[in-house]
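K.L.:
Below you will find the structure I want to go over with you.
Numbering (our numbering), first residue to last: 16 to 87.
What follows is the structure, encoded as structure tokens:
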């Protein structure tokens, strides 16, 4: 787990710190941030949904009816 955390969190964070330019943030940070964040988050959500559908389709496990199990 330590190696996985280092590769997925530690090294990218260190790389972003090296890549950042010193100075003030741009005056119009919002629009440029939205142009980056919206496509990236949409693509990530789509990829996660596709993975979910693949796992669901490959593991067709029948769940018990919640009413019969006494949950509802």
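The beta-carbon is built from N, C-alpha and C at its ideal position, and this holds for glycine as well.
How is residue 37 classed by DSSP in three states: helix, strand or coil?
P.N.:
Within the chain shown, the letter at position 22 stands for residue 37. Coil at residue 37, not helix or strand.
K.L.:
Does residue 43 come out as helix, strand or coil in the three-state DSSP assignment?
P.N.:
Counted from its first residue, the chain shown places residue 43 at position 28. If DSSP states are grouped into helix, strand and coil, residue 43 belongs with coil.
K.L.:
Straight-line CA distance for residue 45 to residue 23?
P.N.:
Numbered from its first residue, the chain shown carries residue 45 at position 30. Numbered from its first residue, the chain shown carries residue 23 at position 8. Between residue 45 and residue 23, the C-alpha separation is close to 27 Å.
K.L.:
By the DSSP assignment, the alpha helix (DSSP H) with residue 17 in it spans what residues?
P.N.:
In the chain shown, counting from the first residue as 1, residue 17 sits at position 2. Start and end: 17 to 20.
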